[in-house]
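Engineer: In our numbering, the protein residues as written are 7 to 119.
Please read through the structure below; I'll follow up with questions.
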């Protein structure tokens with residue numbers, strides 16, 4: 007039997023080697039075979055359009071006019087948004103914009119204040 011370590015993401019015992027990488031066939035997670043454990047993707051750092059690291063509670067400004075889907079509203083350039091929350095997904099900022107309401111934004115269209 008193989009003595010390969012279980013997957014650090016899903017704890018599957020069915021891992022296999024592919025060169026210097028270990029791969030889990032159940033969740034498709036790949037990691038280094040030399041024993042170094044990389045940071046989980048859940049702890050991925052979210053950055054704004056210029057590379058500043060974003061955190062929950064930050065204040066940001068919008069750097070581009072953004073149309074709100076399903077309405078005729080537009081979030082204008084320079085709109086300040088306070089107390090953001092980071093989340094997973096394509097739109098990784100959850101916030102509330104005055105005059106528009108709750109919405110999700112992409113971090114590539116904002117800048118940290």
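Beta carbons are placed, not taken as given, at the ideal position from N, Cα and C, and that holds for glycine.
With a threshold of 7 Å on Cβ separation, who are the neighbours of residue 111 within its own chain once the five nearest residues in sequence on each side are excluded?
Structural biologist: Numbered from 1 along the chain shown, position 105 holds the residue referred to as residue 111. For residue 111, where only same-chain residues beyond five positions count, the Cβ hits under 7 Å are 97, 99 and 101.
Engineer: Using only the alpha-carbon positions, how far apart do residue 103 and residue 118 sit?
Structural biologist: Working through the chain shown from its first residue, we reach residue 103 at position 97. Working through the chain shown from its first residue, we reach residue 118 at position 112. Approximately 15 Å between the Cα atoms of the pair.
Engineer: If you count every other CB in all the chains shown that lies within 10 Å of the CB of residue 51, and 16 or more means buried, which is it?
Structural biologist: Position 45 of the chain shown, counted from the start, is the residue given in the question as residue 51. With fewer than 16 other Cβ atoms within 10 Å, it is exposed.
Engineer: What are the start and end residues of the beta strand (DSSP E) that includes residue 20?
Structural biologist: Against the chain shown, residue 20 aligns to sequence position 14. No beta strand (DSSP E) contains residue 20, which DSSP labels as neither H nor E.
Engineer: Near residue 45, what residues of its chain come up, given a Cβ to Cβ distance below 8 Å and the 5 sequence neighbours on each side ignored?
Structural biologist: Position 39 of the chain shown, counted from the first residue, corresponds to residue 45. Because residue 45 sits at a pLDDT of 46, beneath the cut-off of 50, its placement in the model cannot be relied upon, and the point is left open.
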